[in-house]
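**Q**
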Amino acid sequence: MSDSQSGVETQGIAHCVNSDKPEEAAITSDSEYQHEKSISEPTLVVPLSSHPPPPNGGIVAWRQVLAGHLVVFNTWGYANSFGIFQAYYSSWLSLPASTISWIGSIQLFLIFLIGSVSGSALDKGYYRWVLISGSILQVLGIFMTSLCTRYWQLFLAQGICQGLGNGLIFCPTIALVSTYFTTKRTIAISSAASGAATGGIVFPLIAQQLLPRIGFPWTVRIMAFVVLFNTAVVVSTIQTRIPPRKTGKLIDLAAFKELPYLLFTIGMFFTLWATYFAYYYVRPYALDILHVSQTTSFHILLIFNAVGIPGRVIPALLADRYFSAITVLIPVVFLSAVCLYAWQSVRALAPDLVWIVFLGLFAAGIQGLFPSTLASLTKDLSKSGTRIGMVFTIISVPCLTGPPLAGKLILAGGGNYIGAQIWGGTCLLLGGSILVAARGASVGWRWKGC
């Protein structure tokens, strides 16, 4: 976002009152108000927003990024680790992968579905209540998972209870972080989003080391204590910056009249339909097709999540310094499509490891740049939570149906992954094409801008 754009929310409308030249009415910034008043006393300035401009750095701002990182660690780090549960539940409960994947998919669905409600809560000044309520549900869901012995119990505890908690805290936290930055927004949000990668490393490591030693119940409880500790840090650290917006609707339908916003939403619908397919099935693929050991399959999942750290940070640096979020997002989506198409040719461990690194980088780039691009499409920071939440709610549908649909395609192919891999690559190709149109509608074909 350019410096001229970053000042939009601080602009006001100057109206001449009792002036001999009413045509001198002009748009002026809050920072110019006192100077303008001293020159022309009859001038009345009505600011569009009463909050100061974002600090774009400093201890307080980066502390919010740290808190956001821990929130994403607890939500997406756990969700992206579902591959460990996918394989374990399939073996333990003797159920097909497509059935098991509904547990993880309903969790993703709820993370995004209630984004409109939780995002609007930030705008209206209820973030603290939403954070505490969501954290309670999140930790409760994980502890209850440790007690489960049936599929329906896991679906309720890990899928619904934990998913609701994740959904209450994820969207408003990302929106809150975005209110502290304009010029460094992409790297700030991507740094927070990299919590998905660090969590995706820590939780599988816990499972790998402890499942054989202390069993499933206590392994999951230890994960719950990790989440609880992070939550305590978040609650004591995070703080809102924008004053509450007392008026305003839960849903701002006028946003969809903006062509870039509408096209971006449609493009991300198709993009995210396929993105989480790999997170659920890289480990089962290694076990079923490559016939590797359980330990090796754990390492594959760890590598896949670990490369997500540079996969989020490097594209964000490129976006902030040279291009823009959507300009970097588009090739990342297309490269992810190439990786999914190429997956069908991976038939040995060595090429699988190379493939895992590349897809892990690009899939992480999608997740890191998606909220950054979405935030850049909102110029009025007092509406950040609402506008981000609306898109989150819409994309909850592909997140719910994507992994189970991929599982059905694998089942229909008699355990062959080719149908699901082609479907995933095609979804990403279509999504990337629509994002190209969204960028064109936003800034034309200039090299930089969003």
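Numbering of the sequence shown is given in the working numbering, commencing with residue -2 and proceeding in unit increments.
Cβ atoms here follow ideal geometry from the backbone N, Cα and C, with glycine treated the same way.
Assuming Asp285 is part of the alpha helix (DSSP H), what are its boundary residues?
**A** Along the sequence shown, one-based indexing puts residue 285 at 288. Where Asp285 is concerned, the enclosing alpha helix (DSSP H) stretches over Leu256 to Asp285.
**Q** Whose C-beta lies closer than 7 Å to the C-beta of Val217 among residues of the same chain, with five residues either side of it excluded?
**A** Your numbering for residue 217 matches position 220 in the sequence shown. These residues qualify, in order along the chain: Ile139, Thr142 and Ser143.
**Q** Counting C-beta neighbours from all protein chains within 10 Å, is the total for Tyr232 16 or more, i.e. buried, or is it exposed?
**A** By one-based count along the sequence shown, residue 232 stands at place 235. The displayed chain sequence assigns Val, not Tyr, to residue 232. Under this definition Val232 is an exposed residue.
**Q** Take the Cβ of Ser98 as the centre, count every other Cβ of all protein chains shown within 10 Å, and call the residue buried at 16 or more, exposed below.
**A** In the sequence shown, residue 98 corresponds to position 101, counting from 1. Ser98 counts as buried, since at least 16 other C-beta atoms from the protein chains shown sit within 10 angstroms of its C-beta.
**Q** For Gly441, which residues in the same chain have their Cβ closer than 8 Å to its Cβ, ignoring the five residues on either side in sequence?
**A** Reading the sequence shown from its first residue, position 444 is the one you call residue 441. Here the set comprises nothing.
**Q** Spatial neighbours of Thr272 within its chain, please: C-beta separation below 8 Å, excluding the five flanking residues on both sides.
**A** In the sequence shown, counting from the first residue as 1, residue 272 sits at position 275. Hits under 8 Å: Ser333, Ala360, Ile363, Gln364, Gly399 and Leu425.
**Q** So is Gly429 buried or exposed if we call it buried at 16+ other beta carbons inside 10 Å?
**A** For the purposes of this step, residue 429 is taken as the residue at position 432 of the sequence shown. With 16 or more other Cβ atoms within 10 Å, it is buried.
**Q** Near Leu256, which residues of its chain fall below 7 Å by C-beta distance, leaving aside the five closest residues on each side in sequence?
**A** Looking up residue 256 in the sequence shown gives position 259. Ala438, listed in sequence order.
**Q** Using the rule of at least 16 other Cβ atoms within 10 Å of the residue's Cβ for burial, across every protein chain shown, is Tyr177 buried or exposed?
**A** Here residue 177 refers to the residue found at position 180 when the sequence shown is read from its first residue. Tyr177 should be labelled buried.
**Q** Following a CB-centred definition, is Leu432 positioned closer than 7 Å to any heavy atom of the ligand GTP?
**A** As presented, the structure is devoid of all ligands, the ligand GTP included, so that no description of it is given.
**Q** Specify whether the stretch 200 to 210 and the stretch 401 to 420 touch according to this definition: at least 3 beta carbon pairs, one from each stretch, less than 8 Å apart.
**A** no
**Q** In whole angstroms, what is the alpha-carbon distance linking Leu314 and Val304?
**A** As a first step, residue 314 is located in the sequence shown; it is residue number 317 there, counting from the start. As a first step, residue 304 is located in the sequence shown; it is residue number 307 there, counting from the start. If I take the Cα positions, the gap works out to 16 Å.
**Q** Under a three-way DSSP split, which group does Cys336 fall into?
**A** Taking the sequence shown and counting its residues from 1, the one referred to as residue 336 is at position 339. Helix.
**Q** Looking only at its own chain, which residues have a Cβ that is under 8 Å from the Cβ of Thr292, when we skip the five neighbours before and after it?
**A** Counting from 1 along the sequence shown, the entry for residue 292 is found at position 295. Excluding sequence neighbours, Thr292 sits near Gln205.
**Q** Is Tyr86 helix, strand or coil when you go by DSSP?
**A** Counting from one through the sequence shown, the residue named residue 86 turns up at place 89. Helix, per DSSP.
**Q** Alpha carbons only, please: which of Val174, Ser290, Gln150 and Gln135 is nearest the one belonging to Gly160?
**A** To locate residue 160, count along the sequence shown from 1; it is residue 163. Closest by alpha carbon: Gln135.
**Q** Unbroken beta strand (DSSP E) runs of length 3 or more, entirely within the stretch 357 to 418: which are they?
**A** none
**Q** Start and end of the alpha helix (DSSP H) containing Ala185?
**A** As a position in the sequence shown, residue 185 is number 188, starting the count at 1. Its alpha helix (DSSP H) spans residues Arg182 to Ala190.
**Q** Taking 8 Å as the cut-off, decide whether the C-beta atoms of Ser130 and Leu165 are in contact.
**A** The residue given as residue 130 occupies position 133 in the sequence shown. The residue given as residue 165 occupies position 168 in the sequence shown. Yes, they are a contact pair.
**Q** Our contact map puts Phe295 next to Val279 with C-beta atoms below 8 Å; I'd like the distance itself, whole angstroms only.
**A** In the sequence shown, residue 295 corresponds to position 298, counting from 1. In the sequence shown, residue 279 corresponds to position 282, counting from 1. The beta-carbon distance between Phe295 and Val279, rounded to whole angstroms, is 11 Å. This is too long to meet the 8 Å contact definition.
**Q** Of the choices Pro395, Ala64, Ser369 and Cys145, whose alpha-carbon is the least far from that of Lys181?
**A** As a working mapping, residue 181 is identified with position 184 in the sequence shown. Measuring C-alpha to C-alpha distances from Lys181 to each of Pro395, Ala64, Ser369 and Cys145 identifies Ser369 as the nearest.
**Q** Taking the alpha carbon of Tyr123 as the reference point, which residue from Ile211, Leu110, Pro169 and Trp89 has its own alpha carbon closest?
**A** Reading the sequence shown from its first residue, position 126 is the one you call residue 123. Of the candidates Ile211, Leu110, Pro169 and Trp89, the one whose C-alpha sits nearest the C-alpha of Tyr123 is Pro169.
**Q** Taking only three categories from DSSP, how would you classify Gly164?
**A** In the sequence shown, residue 164 corresponds to position 167, counting from 1. Three-state result, Gly164: helix.
**Q** Leaving aside the five residues before and after Leu326 along the sequence, list all residues of the same chain whose C-beta is less than 6 Å from its C-beta, in chain order.
**A** Taking the first residue of the sequence shown as 1, we reach residue 326 at position 329. A distance below 6 Å between beta-carbons, with the five flanking residues on each side excluded, links Leu326 to the following residues of its chain, in chain order: Leu366 and Thr370.
**Q** Where does Val440 fall in DSSP's three states?
**A** Taking the sequence shown and counting its residues from 1, one reaches residue 440 at position 443. Note: Val440 maps to helix in three-state DSSP.
**Q** Output needed for Tyr258: all residues of its chain with C-beta closer than 7 Å, excluding positions within five of it in sequence on either side, in chain order.
**A** Taking the first residue of the sequence shown as position 1, residue 258 is located at position 261. Ala252 and Leu374, listed in sequence order.
**Q** Is the distance from the Cβ of Val57 to the Cβ of Ser188 below 8 Å?
**A** Residue 57 sits at position 60 when you count from the first residue of the sequence shown. Residue 188 sits at position 191 when you count from the first residue of the sequence shown. The answer is no: Cβ separation not under 8 Å.
**Q** Report yes if the C-beta distance between Tyr277 and Gly80 is below 8 Å; otherwise report no.
**A** Position 280 of the sequence shown holds residue 277. Position 83 of the sequence shown holds residue 80. Less than 8 Å separates the beta-carbon of Tyr277 from that of Gly80.
**Q** Excluding the 5 residues preceding and the 5 following Thr72 in the sequence, name in chain order all residues of the same chain whose CB lies nearer than 6 Å to its CB.
**A** Residue numbering aside, residue 72 sits at position 75 when the sequence shown is read from its first letter. Hits under 6 Å: Asn163 and Phe167.
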